[in-house]
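full-length UniProt numbering puts the first residue of the sequence shown at 1, with every later residue one more than the last.
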Amino acid sequence: MLIFLFTVFESFLFPPSFFWESRFNPANLVEKRISATFNIENKFSIPGLNKYNLFLQLNNFGFTVVSFGNEFYRENLLGLGLGFEAIKGFHLGLDISLLNYWIENGNSEYSYTLKVGSSYGKGSFKSSLWFTNLNFPKFSEIDCLPLGYELFTYYQGNEQLSFYFSVRGLEINFPFFNFGLDFHPYQIVKFILGVNTEPLKPEYGMAIQLGRLELSYSGSNHRQLGLT
């Protein structure tokens, strides 16, 4: 079933949800902090078709581990990122990741991918831009990963309401859009509601802040394939 639903490493191209947005751009690795984020994603409510994301930040360094698939087919990523401040308010980042996929009773192939990112923030406004697969990773004559990009903007209207908008695309294909709002009715509770235009689907989520621990749930509903 995986062969028909996905092209190789398709689910790795963009953030799985708004909550993962800041961790997807290596330019955001500028805060002096130590943190760990773990995410489990189930694709289209298919039993056993899960994606696991682990992200560790140690000051300006980020470590990413991702695994997606089932017992018959699996894709894996192991990445190292670095972020730094180029000038005041403007940040740059670089990430290099090892890629691997294997098929039961078949081949196990390896490659690597490069990602660069930038971000700029001033007051309540923040904007970022990143490019992934700069080296066009290649596993075979037909399995070549496309260049992907995202231009992301975020505006905090007040303490309770923020807005985000992103333009995403693959190489020369027509870009698509993701936009929505981030609502904080209480200090420890956050809700998000958005829309992705390719394919057209609603996205939603909530997070609860318990001291230094944040618990979140997010989902998107594909019209034909169902809930992720």
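Backbone N, C-alpha and C define an ideal beta-carbon position, used for all residues, glycine too.
All values reported here derive from a predicted model rather than from experimental measurement.
- [ ] Classify Phe24 as helix, strand or coil using the three-state DSSP reduction.
- [x] As a first step, residue 24 is located in the sequence shown; it is residue number 24 there, counting from the start. Three-state result, Phe24: helix.
- [ ] For the beta strand (DSSP E) holding Lys126, just list the boundary residues, first then last.
- [x] Counting from one through the sequence shown, the residue named residue 126 turns up at place 126. 125–132 is the span of the beta strand (DSSP E), which, as asked, contains Lys126.
Task: Assigned secondary structure, Glu203 (DSSP; H/G/I helix, E/B strand, else coil) - done: If you number the sequence shown from 1, residue 203 lands on position 203. Glu203 falls in the strand class under three-state DSSP.
Open item on the list: Helix, strand or coil for Phe19? Go by DSSP, reduced to three states.
Closed with: Here residue 19 refers to the residue found at position 19 of the sequence shown. Reduced to three states, the DSSP call for Phe19 is helix.
TODO: Say whether the stretch 22–40 touches the stretch 181–191, bearing in mind that this needs 3 or more beta-carbon pairs closer than 8 Å, one atom from each stretch.
DONE: Contact between the stretch 22–40 and the stretch 181–191 is absent, because fewer than three Cβ pairs lie under 8 Å.
Task: C-beta contact flag for Gly148 and Leu170 at 9 Å - done: Walking along the sequence shown from the start, residue 148 turns up at place 148. Walking along the sequence shown from the start, residue 170 turns up at place 170. Yes; because the gap between Cβ atoms is below 9 Å, this pair is in contact.
Task: 9 Å Cβ cutoff met for Leu94 and Ser111 - done: On the sequence shown, position 94 is the one that residue 94 refers to. On the sequence shown, position 111 is the one that residue 111 refers to. No, these two residues do not count as a Cβ contact at 9 Å.
- [ ] Take the Cβ of Gln57 as the centre, count every other Cβ of all protein chains shown within 10 Å, and call the residue buried at 16 or more, exposed below.
- [x] For the purposes of this step, residue 57 is taken as the residue at position 57 of the sequence shown. With 16 or more other Cβ atoms within 10 Å, it is buried.
TODO: Count the CB pairs spanning the stretch 111–125 and the stretch 57–73 that are closer than 8 Å, and state whether there are at least three.
DONE: Contact fails: fewer than three Cβ-Cβ distances are below 8 Å.
- [ ] Find the nearest neighbour of Leu129 within the set Ser108, Ser97, Lys43, His91, judged by alpha-carbon distance.
- [x] The count along the sequence shown starts at 1 and reaches residue 129 at position 129. Nearest option by C-alpha distance: His91.
- [ ] Between the Cα of Phe174 and those of Glu159, Pro199, Leu82, spot the shortest distance and give me the residue it belongs to.
- [x] Position 174 of the sequence shown, counting from 1, holds the residue named residue 174. The candidate whose alpha carbon is nearest that of Phe174 is Pro199.
Task: Close beta carbons around Glu141, own chain, < 8 Å, minus the five adjacent residues each side - done: In the sequence shown, the residue the question calls residue 141 occupies position 141. There are no such residues.
Open item on the list: Can you find the residues in the same chain that come closer than 7 Å, C-beta to C-beta, to Ser45, ignoring five residues on each side of it along the sequence?
Closed with: Walking along the sequence shown from the start, residue 45 turns up at place 45. The beta carbon of Ser45 sits closer than 7 Å to the beta carbons of Gly226, Leu227 from its chain, once the five residues preceding and following it are set aside; these are given in chain order.
Task: Residue range of the unbroken beta strand (DSSP E) whose run includes Gln156 - done: Mapped onto the sequence shown, residue 156 falls at position 156. Gln156 -> beta strand (DSSP E) spans 148–156.
Task: Start-to-end residues for the beta strand (DSSP E) that takes in Ile142 - done: Walking along the sequence shown from the start, residue 142 turns up at place 142. Looking at the DSSP string, Ile142 is not in any beta strand (DSSP E), and its letter there is neither H nor E.
Task: Beta-carbon gap between Ser166 and Leu151 smaller than 9 Å - done: As a first step, residue 166 is located in the sequence shown; it is residue number 166 there, counting from the start. As a first step, residue 151 is located in the sequence shown; it is residue number 151 there, counting from the start. Taking 9 Å as the Cβ cut-off, Ser166 and Leu151 qualify as a contacting pair.
TODO: With DSSP collapsed to three states, give me the class of Ser11.
DONE: Numbered from its first residue, the sequence shown carries residue 11 at position 11. Look at Ser11 here: in three-state DSSP terms it is helix.
Task: C-beta contact flag for Leu210 and Leu193 at 9 Å - done: For this step, residue 210 is matched to residue 210 along the sequence shown. For this step, residue 193 is matched to residue 193 along the sequence shown. No, these two residues do not count as a Cβ contact at 9 Å.
TODO: With a threshold of 16 other CB atoms inside 10 Å of the CB of Phe19, please say whether the residue is buried or exposed.
DONE: Walking along the sequence shown from the start, residue 19 turns up at place 19. So Phe19 counts as buried.
Task: Spatial distance of His222 from Phe176 (CA atoms) - done: By 1-based counting over the sequence shown, the position of residue 222 is 222. By 1-based counting over the sequence shown, the position of residue 176 is 176. Roughly 15 Å between the two C-alpha positions.
Task: In chain order, each beta strand (DSSP E) run of at least 3 residues that lies wholly inside the stretch 29–65 - done: 34–42, 50–58
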